[in-house]
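J.: Supplied in structure tokens, the structure appears directly below.
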Amino acid sequence: MKIGQPEKFIIDGKRLDGRKPDEMREVKIQAGVLKRADGSALVEWGGNKVIAACYGPREVHPRHLAKSDKAILRCTYNMAPFSVSDRKRPGPDRRSVEISKVTRLALEPVIFTNLYPRTTIDVFIEVLQANAGTRCTGITAASVALADAGIPMRDLVPACAAGKVGGEVVLDLFDIEDNYGEADLPVALIPKNNEITLLQMDGNFTKKEFEKALDLAIQGCMKIYELQKGALRERYGGE
Amino acid sequence: MKIGQPEKFIIDGKRLDGRKPDEMREVKIQAGVLKRADGSALVEWGGNKVIAACYGPREVHPRHLAKSDKAILRCTYNMAPFSVSDRKRPGPDRRSVEISKVTRLALEPVIFTNLYPRTTIDVFIEVLQANAGTRCTGITAASVALADAGIPMRDLVPACAAGKVGGEVVLDLFDIEDNYGEADLPVALIPKNNEITLLQMDGNFTKKEFEKALDLAIQGCMKIYELQKGALRERYGGE
Amino acid sequence: MKIGQPEKFIIDGKRLDGRKPDEMREVKIQAGVLKRADGSALVEWGGNKVIAACYGPREVHPRHLAKSDKAILRCTYNMAPFSVSDRKRPGPDRRSVEISKVTRLALEPVIFTNLYPRTTIDVFIEVLQANAGTRCTGITAASVALADAGIPMRDLVPACAAGKVGGEVVLDLFDIEDNYGEADLPVALIPKNNEITLLQMDGNFTKKEFEKALDLAIQGCMKIYELQKGALRERYGGE
Amino acid sequence: MEEIVSEIKKDYIASLLDQGKRQDGRGFDDYREIIVEKGISNKAEGSALVRIGDTQVMVGVKLAVGEPFPDMPDSGVLTTNAELIPLASPTFEKGPPDENTIELARVVDRGIRESGCIDLEKLCIAEGEKVWIVFVDIHVLDYDGNLFDASSLGSIAALLDTRLPKIEDGRILYGEKTRKKLPVVDKPVETTYAKIGNNIILDPSLDEELVMDARLTVATTEKGEICAMQKGGAGTYTREEILDIVSRSIDKGKELRKYL
Amino acid sequence: MEEIVSEIKKDYIASLLDQGKRQDGRGFDDYREIIVEKGISNKAEGSALVRIGDTQVMVGVKLAVGEPFPDMPDSGVLTTNAELIPLASPTFEKGPPDENTIELARVVDRGIRESGCIDLEKLCIAEGEKVWIVFVDIHVLDYDGNLFDASSLGSIAALLDTRLPKIEDGRILYGEKTRKKLPVVDKPVETTYAKIGNNIILDPSLDEELVMDARLTVATTEKGEICAMQKGGAGTYTREEILDIVSRSIDKGKELRKYL
Amino acid sequence: MEEIVSEIKKDYIASLLDQGKRQDGRGFDDYREIIVEKGISNKAEGSALVRIGDTQVMVGVKLAVGEPFPDMPDSGVLTTNAELIPLASPTFEKGPPDENTIELARVVDRGIRESGCIDLEKLCIAEGEKVWIVFVDIHVLDYDGNLFDASSLGSIAALLDTRLPKIEDGRILYGEKTRKKLPVVDKPVETTYAKIGNNIILDPSLDEELVMDARLTVATTEKGEICAMQKGGAGTYTREEILDIVSRSIDKGKELRKYL
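Protein chains in written order, with my numbering: chain A, 1 to 239; chain B, 1 to 239; chain C, 1 to 239; chain D, 1 to 260; chain E, 1 to 260; chain F, 1 to 260.
In structure tokens form, the structure reads like this:
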């Protein structure tokens with residue numbers, strides 16, 4: 001058993017932070033928080049604080065990466081050194097390289113990249129405070145930042161994870177559940193047509209548990225979607 | 001004295017692996033072992049397993065390395081992490097950078113690089129299992145891979161080392177002899193005109209011992225040459 | 001208290017190396033000490049030995065760094081591994097990156113970079129033996145090397161530091177004073193018009209002490225200026 | 001570097017699939033020929049060469065002695081690494097591992113780690129001080145598609161092949177393997193389904209990978225449970241497609257496991 | 001990448017200054033609006049967000065336990081690091097720290113270190129063996145000029161906010177902060193004056209930085225003494241200009257210190 | 001970057017050699033003027049500056065205390081490193097060592113190591129725990145050809161110049177050298193012969209290096225034995241040429257050794 005592992009994850013139907021199994025942490029989204037970036041968003045999601053910025057469409061450096069028929073999308077996920085308990089050494093590690101990749105693939109399906117050939121759209125995600133679920137928080141922030149930058153998109157991309165702790169399928173793990181729990185399933189969604197753009201899993205699910213967790217994560221995405229739209233309305237007015 | 005050093009290297013005229021002083025380990029060469037590469041070869045030489053691939057002539061990246069009057073030749077010697085007792089960290093170390101350089105210089109004299117200006121011929125040598133003599137094994141494999149790729153060459157380049165253990169000049173050291181012996185002399189040869197394209201030495205030779213070792217290594221190269229030709233006949237038929 | 005710290009820095013008006021507070025260490029400057037470089041200089045300044053070379057104006061690599069209206073100036077300050085007590089690992093560290101930057105800014109104001117658009121002027125400073133004050137020694141050597149290379153300049157740029165030890169403002173710290181003293185103030189000067197091109201400080205000065213130290217450093221620069229001109233006369237003759 | 005594929009080939013592969021056919025004649029749920037050779041290196045503590053069609057992956061397991069993680073003082077340490085060496089494909093480049101290499105290593109690692117297939121607590125030598133470090137090194141030799149399945153299969157095969165070396169006076173005698181095996185208690189396998197248009201096919205070849213919209217890899221255990229998943233590609237999956245792939249993967253996992 | 005500024009803007013800013021005016025209406029010795037928020041992270045041992053106009057810098061302090069330097073066996077260790085992440089400006093690039101990033105970290109570090117503001121001897125846990133390592137990480141979020149002043153102000157604010165975590169059985173329990181503060185005994189602040197033509201102005205905005213000839217940063221202590229200085233830019237200062245900036249910096253330092 | 005040489009110069013140098021002449025008037029077995037200065041640094045434990053013609057190489061020896069290799073617990077450790085700094089030639093570039101730099105360091109290292117010229121067992125302080133680490137750092141200052149001979153000569157000169165520093169309470173007092181020398185028991189030297197056409201000449205100048213077909217460096221000991229060799233260049237040697245160069249190198253080694 002890992003040091004620090006709790007004996008029980010769910011007591012009297014409540015999780016260790018007081019939530020019900022299908023309850024999401026509190027999420028606050030704010031669009032347009034930076035001056036220099038073309039678009040930006042801050043997402044506070046439970047104990048996570050993540051800021052995302054979008055630059056572009058702009059010239060590609062180095063040039064040979066440019067595509068003649070569409071814009072390229074580049075995503076960088078980075079953790080601030082002070083965002084985690086044990087200081088993170090600056091610079092990309094293997095985990096952040098992988099998250100940057102799956103973030104790009106989660107967002108690319110909604111962007112009309114063909115409108116801006118030979119350019120790049122750059123998304124930067126900075127985790128300022130981490131408490132499990134930073135990749136979903138980052139994707140959520142990034143898609144608001146893209147919208148704030150005026151990048152034409154089919155839809156926003158909300159993301160949310162489900163997982164398993166103490167044998168039970170639950171929504172949106174926080175750090176103790178993430179460190180000591182049994183499974184984690186981050187999902188990103190295009191709400192308009194219910195297409196899934198991000199799916200990763202690690203841990204242990206029966207087929208039945210997996211189905212339940214997938215549905216819970218999709219429901220979580222839909223809640224996040226409303227908050228994303230709210231943040232953009234807040235910034236730009238509208239109905 | 002280094003830990004693990006044997007007391008004697010030659011007992012009753014036999015070396016520690018049972019060979020006579022001028023006897024080579026068993027060598028097997030197979031051409032055309034990979035699908036994607038333009039040419040390839042696998043050489044099993046005693047406890048060594050080395051695979052070589054050739055790509056080219058092909059476009060040069062970055063372009064400023066291209067030569068207007070000839071193809072460039074690039075060679076990369078690399079050890080798999082699991083090819084040696086103490087796991088080798090991935091990526092080039094100083095030893096493999098030097099071996100890559102001398103390998104290139106050993107092969108370049110036989111290639112008609114002037115036939116393919118502005119291109120590159122790339123040779124990759126991967127040591128999958130190492131037991132002393134990997135650079136000679138690699139050069140031997142690489143020249144078969146070049147031939148398998150159809151690169152026009154004056155001749156094949158076989159390579160073989162001689163050395164000194166227990167005061168005696170011997171052919172083709174294996175790992176215990178290499179680690180604890182007194183000298184090592186890897187040689188590569190153009191058999192057609194007896195020109196030497198690789199010569200390195202470290203250890204301790206009198207002038208006379210050196211001459212004897214040089215001749216022994218050249219004889220070793222000639223044996224390897226026959227096996228190289230055999231491997232190509234095996235693959236392409238012909239008498 | 002740091003291990004090795006002396007109890008007193010000034011005894012009977014003399015510093016630990018026998019100098020008076022406003023006395024500079026012995027400085028010898030020699031121009032034109034290398035064959036390959038376009039210009040070079042060796043400066044021995046107390047226990048410092050620093051060699052500088054200038055190459056250029058020459059083509060810029062990579063090309064995108066070139067400016068259409070002027071030459072770029074690039075300066076590299078580097079310490080030889082054996083130049084300090086604890087061997088310095090080869091390659092740039094954070095300190096040498098900063099010193100390279102302030103050296104460039106110290107020299108740039110005197111160079112007529114507009115005469116050589118699309119080129120680079122490269123200055124390399126190698127510290128062969130270090131004893132406090134290497135950045136001033138380097139700037140001093142570099143400006144002689146630039147002159148030796150025939151680069152058109154408004155003036156030479158001498159550099160010299162003042163500091164504070166044992167509560168007293170002194171000129172030109174040596175290593176014990178630098179390690180255990182209270183303040184260091186390196187300055188570089190354009191003597192013709194008394195403009196300051198380098199100014200850094202760390203330690204502790206009252207405003208009054210600072211003014212005194214600044215004036216002492218400027219005086220030091222003027223002495224160095226004479227030695228620089230002497231070295232160039234020595235090499236090129238002249239009045 | 002990027003593989004380039006012509007529009008004609010894209011259309012050809014896609015329209016074939018719409019007719020229920022694949023370029024190489026396989027069914028949608030068929031693997032290419034699979035060959036697993038174990039014990040092919042005497043320097044590695046365990047090794048395997050896996051071929052799936054023309055794809056060739058060699059995996060070597062090396063053991064070393066090191067310190068445990070502070071929060072797991074009685075557990076051995078697993079490290080999985082992949083190298084997409086330029087010998088294996090004209091598109092692989094020298095240099096530090098790129099995002100594809102890192103993803104491959106991490107997804108294989110998750111399959112091993114999350115299944116608990118290595119009983120890491122049995123690899124503790126002295127609690128909090130000395131444990132076995134298990135290095136799984138994936139060395140791709142020929143890239144003709146579907147590296148995930150070949151690499152994960154090769155990794156488990158190599159782990160099953162692993163014998164602990166002798167320790168004497170605190171030094172590891174790599175030359176002298178004992179008969180003691182690694183404590184491997186499960187055999188997780190990974191199966192990858194590509195989506196091309198609306199067709200979902202197992203074990204994409206290189207040509208199929210070049211035209212696929214998305215990829216889904218599912219790692220399953222002997223019990224038929226799911227221990228890792230990874231979606232790839234810039235396309236999307238519906239909920240139903242995912243559940244379908246999960247079912248097919250659990251079945252195919254049983255077939256694949258027989259090669260171990 | 002380099003910021004580019006048109007000749008027209010250059011002339012405009014310079015001629016405004018010659019009339020005693022700044023683009024944004026400030027006086028020559030005025031800061032833009034300053035906002036300092038402390039304690040904005042629960043993962044860092046101390047944190048602060050500083051805004052000077054539209055410039056935003058977040059600073060986090062992390063503590064770890066490590067070995068002291070051999071020549072200072074009874075002293076804690078201070079490490080200052082900056083990241084100019086590409087989120088903060090179109091001209092900031094990925095990759096290892098460039099000369100501007102390194103200069104920023106080193107100049108902030110000198111202000112902290114040379115003022116003696118952290119009583120490092122109080123951070124000794126076991127002489128010669130274990131001391132607290134103090135990591136000050138400067139994370140620039142929005143770059144609109146004058147990073148030196150924002151970063152040094154944020155660093156001191158974050159240090160003042162820092163609480164030591166609990167240590168149990170030699171392990172740091174990062175989740176459990178004690179009430180014990182870092183021993184911060186001074187509040188050094190840095191003030192930066194830019195020179196444009198013959199005008200010397202406090203707190204250059206990005207536009208002003210792009211046209212400035214030179215920059216001088218002066219760190220001063222609570223006692224009004226100078227603890228660090230750094231000239232920047234390829235222009236020059238006269239002796240008199242420097243002495244003038246030093247006087248103005250000592251005064252402005254008092255004002256700035258009130259935000260802590 | 002690469003040195004470029006015109007075809008005209010190539011032909012000129014080659015045809016001169018065919019007449020038995022060299023550009024600078026030397027005989028085929030002549031070195032340019034050699035100057036060796038020892039003890040030119042007070043921060044290094046040993047140092048030397050070697051000039052061969054206009055080529056200038058400085059070598060410094062630094063000592064540190066560290067752990068021995070596990071298989072040589074009672075031996076000091078030798079580390080040889082070279083830097084081809086851009087100060088020394090327009091073709092040398094910044095950055096990590098390239099193949100030429102690495103080859104130079106390794107060939108010099110082999111000459112020192114394989115000759116057994118340092119009695120490393122005398123550098124053991126506490127078996128298996130503490131030994132002297134000998135760093136030989138080759139710093140090329142002016143590159144006008146034949147770096148191998150200049151660097152190896154400088155390295156041996158610097159090793160002969162080396163004095164151990166004082167150790168007190170486990171700390172090295174670098175400022176206080178003792179009179180104790182490094183145990184240097186042989187003086188290996190390296191001699192380099194270039195082949196241009198069919199002519200074989202000692203000590204190639206830069207111009208000669210630029211047109212040479214091949215290069216052969218032979219390290220010989222005081223006893224006249226060979227301890228290291230390295231062929232360079234994309235040309236070839238015959239067996240007879242090699243044996244000839246070996247003989248000439250053994251003779252020339254004696255001459256070169258007098259400069260130490």
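Note that beta-carbon positions come from the ideal geometry of N, C-alpha and C, so glycine has one too. All values reported here derive from a predicted model rather than from experimental measurement.
#1: Closest to D:Val211 by C-alpha separation, out of D:Val218, D:Asn199, D:Thr217 and D:Thr221, would be which residue?
#2: Specify the secondary structure class of A:His64 as computed by DSSP and reduced to three states.
#3: Pull up the distance between the alpha-carbon of F:Asp251 and that of B:Val27, whole angstroms please.
#4: May I ask which residues mark the beginning and end of the beta strand (DSSP E) holding E:Lys177?
#5: Going by the CB atoms, is the gap between E:Arg106 and C:Arg95 shorter than 9 Å?
#6: Quick one: which chain H residues come within Cβ less than 7 Å of A:Thr197?
#7: Could you name the residues of chain F that C:Glu126 contacts, counting a contact when the two beta carbons are closer than 8 Å?
#8: Distance, Cα to Cα, F:Leu159 vs C:Phe174?
#9: Let's test the definition: count the other Cβ atoms within 10 Å of the Cβ of B:Phe124 and tell me whether it reaches 16, buried, or not, exposed.
#10: Tell me the residue span of the beta strand (DSSP E) that contains B:Tyr55.
#11: Please report how far the alpha carbon of D:Ser155 lies from the alpha carbon of D:Asp144, in whole angstroms.
#12: Would you say the stretch 89-107 of chain E touches the stretch 14-28 of chain E, given that touching needs at least three Cβ pairs under 8 Å?
#13: For F:Lys180, which residues of its own chain have a beta-carbon under 7 Å away from its beta-carbon, when the five flanking residues on both sides are left out?
#14: Please list the partners that E:Ser247 has in chain C, where partner means a Cβ-to-Cβ separation under 9 Å.
#15: Using the rule of at least 16 other Cβ atoms within 10 Å of the residue's Cβ for burial, across every protein chain shown, is A:Tyr236 buried or exposed?
#16: Nearest CA to the CA of D:Gly25: which residue from D:Arg248, D:Ser247 and D:Ser205?
#17: So A:Val110 and A:Val157 are supposed to be a Cβ contact under 8 Å. How far apart are they, rounded?
#18: Since E:Val189 and E:Ala219 are thought to touch, with beta carbons under 8 Å apart, how far apart are those beta carbons, to the nearest angstrom?
#19: According to DSSP, B:Ile121 sits in a beta bridge with which residue or residues?
#20: Is any beta-carbon of chain C found at less than 9 Å from that of F:Tyr174?
#21: Kindly indicate the opening and closing residues of the beta strand (DSSP E) around E:Arg163.
#22: Let me check understanding here. Comparing Cα to Cα, which of A:Lys8, A:Asp17, A:Arg233 and A:Asp148 lies closest to A:Tyr55?
#23: Is it the case that the stretch 229-245 of chain D contacts the stretch 169-180 of chain D, given that we only count it when at least three CB pairs across the two stretches are under 8 Å?
#24: Is A:Gln219 close to chain D? Criterion is C-beta to C-beta, closer than 9 Å.
#25: Could you tell me whether any Cβ in chain B is nearer than 9 Å to the Cβ of D:Ala44?
#26: Using the DSSP secondary-structure output, state which residues sit across from B:Glu195 in a beta bridge.
#27: Whether or not the stretch 97-116 of chain B and the stretch 226-236 of chain F are in contact is what I'm after, with contact meaning three or more pairs of Cβ atoms, one per stretch, closer than 8 Å; do they touch?
#28: Using the beta-carbon count (16 or more within 10 Å), is D:Thr178 buried or exposed?
#29: Please work out which residues of its chain come closer than 7 Å, Cβ to Cβ, to E:Glu127, disregarding the five sequence neighbours upstream and downstream, and give them in chain order.
#30: Quick check on B:Val127: does DSSP put it in helix, strand or coil?
#31: Relative to the C-alpha of D:Leu62, which candidate in D:Thr80, D:Asp54, D:Ile52 and D:Pro68 has its C-alpha closest?
#32: Put B:Cys221 into one of helix, strand or coil per three-state DSSP.
#33: Hey, how far is the Cα of C:Leu227 from the Cα of F:Asp137?
#34: Could you please give me the residues that DSSP links to A:Gln30 through a beta bridge?
T.: According to the structure data:
#1: Among D:Val218, D:Asn199, D:Thr217 and D:Thr221, the Cα nearest to that of D:Val211 is on D:Asn199.
#2: It is helical.
#3: In a straight line, the C-alpha of F:Asp251 is about 40 Å away from that of B:Val27.
#4: Start and end: Arg171 to Lys181.
#5: For C:Arg95 and E:Arg106, yes; Cβs fall inside 9 Å.
#6: Chain labels in this structure do not include chain H; the protein chains are A, B, C, D, E and F.
#7: Those are Ile85, Leu87, His139 and Leu141, listed as they occur along chain F.
#8: Approximately 28 Å, taken between the alpha carbons.
#9: The residue in question, B:Phe124, is buried, as its Cβ has 16 or more Cβ neighbours within 10 Å.
#10: That run of the beta strand (DSSP E) goes Asn48 to Glu59.
#11: Spanning the two alpha carbons is a distance of roughly 18 Å.
#12: As far as the Cβ criterion goes, the stretch 89-107 of chain E does not touch the stretch 14-28 of chain E, which means the pair count is below three.
#13: Taken in chain order, the residues that qualify are Arg163 and Leu164.
#14: Residues of chain C with a Cβ closer than 9 Å to the Cβ of E:Ser247 are, in chain order, Lys207.
#15: Under the 10 Å beta carbon count, A:Tyr236 is surrounded by fewer than 16 other beta carbons and is classified as exposed.
#16: Looking at the Cα atoms, D:Ser205 is the closest of the given residues.
#17: Cβ atoms of A:Val110 and A:Val157 come within 8 Å of each other, at about 6 Å.
#18: E:Val189 to E:Ala219, Cβ: 7 Å. Contact.
#19: Answer is B:Leu73, bridged to B:Ile121.
#20: By this cut-off, F:Tyr174 is an interface position.
#21: First-last of the beta strand (DSSP E) with E:Arg163: Arg163 to Glu168.
#22: Comparing Cα positions, the closest option is A:Asp148.
#23: Fewer than three Cβ pairs drawn from the stretch 169-180 of chain D and the stretch 229-245 of chain D lie within less than 8 Å of each other, which leaves the two stretches out of contact.
#24: False, the Cβ-Cβ gap to chain D never drops below 9 Å.
#25: For D:Ala44, the answer is yes, since a Cβ of chain B falls inside 9 Å of its Cβ.
#26: Paired residues: B:Ile190 and F:Thr238.
#27: Verdict: yes, contact present.
#28: An exposed status is given to D:Thr178, since fewer than 16 other beta-carbon atoms sit within 10 Å of its beta-carbon.
#29: Closer than 7 Å at Cβ, skipping near neighbours: Pro73 and Asp74.
#30: Looking at B:Val127 - three-state DSSP - the assignment turns out to be strand.
#31: At residue 62 of chain D the sequence reads Lys, which differs from the Leu that was named. Minimum Cα distance to D:Lys62 is reached at D:Thr80.
#32: In the displayed model, B:Cys221 falls within a helix according to three-state DSSP.
#33: Spanning the alpha carbons of C:Leu227 and F:Asp137 requires a straight line of approximately 31 Å.
#34: DSSP lists A:Leu42 as partners of A:Gln30.
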